[in-house]
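Residue numbers (this note's numbering): 126 to 208.
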């Protein structure tokens, strides 16, 4: 099931495939999704770079986040998957 977590920006985490099922996936920063197999190790750490934030005067930053992160929406399943 989908279990999002938020961590300190200075933290490094490792996800290790100890017991996985078919289709076990790890999603990082909502951008990268990787299938996880037994003994796989995924290490996530902060990238040391700057970025620009663009403000849209027609939408609040909260609305943009809610849309991009699908807050208050039901999960979207692949065809043939039942809940």
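The beta carbon of each residue, even a glycine, is placed where N, CA and C say it ideally should be. Given the structure is predicted, the values throughout are model-derived calculations rather than measurements.
Taking the C-alpha atoms as reference points, what is the distance between residue i and residue j?
i           : j           : result
residue 179 : residue 131 : 23 Å
residue 204 : residue 161 : 21 Å
residue 191 : residue 145 : 30 Å
Where does residue i fall in DSSP's three states?
i           : result
residue 189 : helix
residue 160 : strand
residue 195 : coil
residue 213 : The question about residue 213 has no answer, for the chain in this structure spans 126 to 208.
residue 179 : coil
residue 153 : strand
In terms of alpha-carbon separation, which member of the options lies closest to residue i?
i           : options            : result
residue 139 : 166, 191, 183, 182 : 166
Checklist entry - If you pair each beta-carbon of the stretch 168-177 with each one of the stretch 138-158, do three or more pairs fall below 8 Å? => result yes
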